[in-house]
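**Q** My questions will all concern the structure given below.
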Amino acid sequence: MAAESSYRVKVVDESHVGPPWSSVSPKTIPLTFLDMIWISIYPMQRIFFYEFPDINTPHFTQNIPQSQALTFPHSPTFLPLCCQSYLSTAAESLFNSYISYKKGDSVLVSVAESDSDFNHLTANQARDNNGFHHLLSEETHAVPSMAVQVTFFPNSGISIGIAVNDVAADGRSFNHFVKFWASMSVTHRLEDLPCHEKGLVEDPDGLASIYLNDWRNFLKNCSAPSSANSGGGVTPPAVVPQDKVRLTLVLRRAEIEKLKQLVITATQTQSEPAAARISTYVVTCAFMWVPWIKIQEAEEGTTGGHLDDDTLYHFMAPADCRERFELPFPPTYFGNCLARLSASAKRSELIGSNGIVVAAKAIGRAICKLENGPLTGAENSLSHFIEKLTMPSLLVTVAGSPKFRVYDTDFGCGANRRKV
0 MAAESSYRVK VVDESHVGPP WSSVSPKTIP LTFLDMIWIS IYPMQRIFFY
50 EFPDINTPHF TQNIPQSQAL TFPHSPTFLP LCCQSYLSTA AESLFNSYIS
100 YKKGDSVLVS VAESDSDFNH LTANQARDNN GFHHLLSEET HAVPSMAVQV
150 TFFPNSGISI GIAVNDVAAD GRSFNHFVKF WASMSVTHRL EDLPCHEKGL
200 VEDPDGLASI YLNDWRNFLK NCSAPSSANS GGGVTPPAVV PQDKVRLTLV
250 LRRAEIEKLK QLVITATQTQ SEPAAARIST YVVTCAFMWV PWIKIQEAEE
300 GTTGGHLDDD TLYHFMAPAD CRERFELPFP PTYFGNCLAR LSASAKRSEL
350 IGSNGIVVAA KAIGRAICKL ENGPLTGAEN SLSHFIEKLT MPSLLVTVAG
400 SPKFRVYDTD FGCGANRRKV
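Residue numbers are given in numbering that gives the first Met the number 0: position 39 of the sequence shown equals residue 38, and the series is strictly consecutive.
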């Protein structure tokens with residue numbers, strides 16, 4: 000692993016971007032139960048890499064903050080991204096958890112320069128994971144909803160690192176903002192303004208209260224170091240260097256079709272009903288899940304009998320629900336509209352000769368269950384997830400979706416080489 004100091008970047012400019020003072024009054028945005036289930040310690044972090052051989056400092060020092068500044072005045076519903084989030088620990092007050100905007104709240108936009116190897120960071124082979132931490136603003140571990148760092152690699156390209164508090168936006172809303180920002184950078188045209196009608200979220204079963212109490216109990220008992228800010232929010236600890244690598248595996252169409260056929264054939268051979276869903280997403284996740292388990296066990300020496308064959312491994316992923324409710328939400332709804340896709344299978348079956356088949360069928364059934372009712376068993380969803388957090392070696396989580404088409408995001412600065 001390379002020395003931590005070899006990944007330092009030089010910050011060449013910082014600015015704070017937010018709505019003009021006269022455009023928005025101070026306001027408090029209550030959290031819905033769909034927001035509260037995603038209260039978490041660490042923010043969602045994404046880094047977009049763009050190949051741009053003619054990169055120079057003055058161009059991005061001026062244009063990146065300017066293009067983002069154009070985004071907020073035109074759409075007050077992006078306001079949550081420059082707000083503060085607060086989580087009350089007072090058991091008697093549900094309404095002390097909210098997103099708050101006061102005049103002067105803004106997003107920190109940093110512009111930095113790196114001498115790291117751009118081509119190495121955007122390649123497929125194993126790369127030291129610590130090499131990516133410095134491409135995100137140090138503000139990403141604070142309470143503000145979003146922070147941005149644009150890092151340029153002389154004569155190579157740029158990276159745009161964005162961290163967003165999950166309470167403010169889910170993956171679809173986040174990508175909506177990024178594409179809106181990119182569009183403003185290139186064309187200055189207003190496209191697909193977001194919908195921020197929190198009243199669309201009804202909570203007849205009191206899920207907000209259940210989720211908030213689940214999180215309060217978790218944070219109260221959490222052994223990880225953290226600190227509360229003056230408003231009751233949680234500030235996570237700084238990133239600790241780890242001896243881990245990041246690897247990109249590319250599955251081509253022919254390989255995906257072979258995986259699908261493997262699942263179909265095995266199901267027919269076993270005289271079982273066809274899997275509920277055998278999609279590209281399902282077989283790709285299954286193909287990732289099973290080898291991860293085997294690598295994890297080999298690394299930790301688990302194969303020596305530390306785990307029983309009946310031990311359950313778990314797979315989780317967020318699932319967009321905008322079109323799954325009885326009254327669908329608009330696709331531009333801004334906030335959180337997710338359920339947890341959750342699948343489990345026995346260790347003996349996953350590491351066996353038909354492990355990928357078992358994994359694919361478990362994930363397929365979980366998707367089918369969501370389609371039959373995204374809020375079925377929702378009252379226990381968060382507590383079950385928190386329970387699984389206590390045994391991370393048995394849990395795999397996946398985020399993102401090919402439906403977001405992140406590689407089509409065009410800031411007018413070259414081809415999108417990689418997103419991590």
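C-beta: ideal position from N, C-alpha, C; glycine also. Fair warning: this is a prediction, and the values are worked out from it, not measured in the lab.
Please tell me whether residue 127 and residue 244 are closer than 8 Å, where the distance is taken between their beta carbons.
**A** Contact flag set, yes.
**Q** Please tell me whether residue 308 has its Cβ less than 8 Å away from any Cβ of chain B.
**A** Going by chain labels, chain B is absent from the structure shown, which holds only one protein chain.
**Q** Buried or exposed for residue 97, please, with buried defined as at least 16 other CB atoms from any protein chain shown within 10 angstroms of its CB.
**A** It counts as buried.
**Q** With a CB to CB cut of under 7 Å and the five nearest residues on each side skipped, what residues in its chain are close to residue 377?
**A** 206
**Q** According to the neighbour-count rule (16 or more other Cβ atoms, all chains shown, within 10 Å of its Cβ), is residue 307 buried or exposed?
**A** exposed
**Q** Quick check for students: name the residue ranges of the alpha helix (DSSP H) that lie wholly in the stretch 305-383, counting only runs of 4 or more.
**A** 346-349 and 354-371
**Q** What does DSSP give as the partner residue(s) for residue 417 in the beta ladder?
**A** 48
**Q** Suppose the cutoff is 7 Å on Cβ atoms and the five residues either side in sequence are ignored; what does the same chain contact list for residue 188 look like?
**A** 182
**Q** Check each candidate in 342, 131 and 42 and name the one with the smallest Cα separation from residue 146.
**A** The shortest Cα separation from residue 146 among 342, 131 and 42 belongs to 42.
**Q** May I have the straight-line CA-CA distance separating residue 368 from residue 185, to the nearest angstrom?
**A** 42 Å
**Q** Indicate the three-state DSSP secondary structure (helix, strand or coil) for residue 12 in the structure shown.
**A** strand
**Q** Taking the alpha carbon of residue 312 as the point to measure from, which residue in 174, 384 and 416 has its own alpha carbon closest?
**A** 384
**Q** Taking 8 Å as the cut-off, does the stretch 347-354 touch the stretch 395-412 (at least 3 CB pairs, one atom from each stretch)?
**A** no
**Q** Report the option in 130, 79 and 108 whose CA atom is closest to the CA atom of residue 118.
**A** 130
**Q** Quick check: what's the CA-CA separation for residue 157 versus residue 279?
**A** Cα-Cα distance, rounded: 31 Å.
**Q** Reducing DSSP to helix, strand and coil, say where residue 256 ends up.
**A** helix
**Q** Excluding the five sequence neighbours on either side, which residues of its own chain have a C-beta within less than 8 Å of the C-beta of residue 346, listed in chain order?
**A** 292, 306, 307, 308, 309, 310, 311 and 312
**Q** Does the distance from the C-beta atom of residue 277 to that of residue 363 stay below 8 Å?
**A** Taking 8 Å as the Cβ cut-off, residue 277 and residue 363 qualify as a contacting pair.
**Q** Taking its Cβ as the centre, do 16 or more other Cβ atoms sit within 10 Å of residue 17, making it buried, or is it exposed?
**A** buried
**Q** When burial is assigned at 16 or more other CB atoms within 10 Å of the CB, is residue 124 buried or exposed?
**A** exposed
**Q** Could you tell me the distance, in whole angstroms, from the CA atom of residue 45 to the CA atom of residue 180?
**A** Residue 45 and residue 180: Cα-Cα distance of roughly 15 Å.
**Q** Give the secondary structure of residue 126 by DSSP, where H, G and I count as helix, E and B as strand, and everything else as coil.
**A** strand
**Q** Take the Cβ of residue 390 as the centre, count every other Cβ of all protein chains shown within 10 Å, and call the residue buried at 16 or more, exposed below.
**A** exposed
**Q** What number of angstroms, rounded off, separates the C-alpha of residue 202 from the C-alpha of residue 285?
**A** 34 Å
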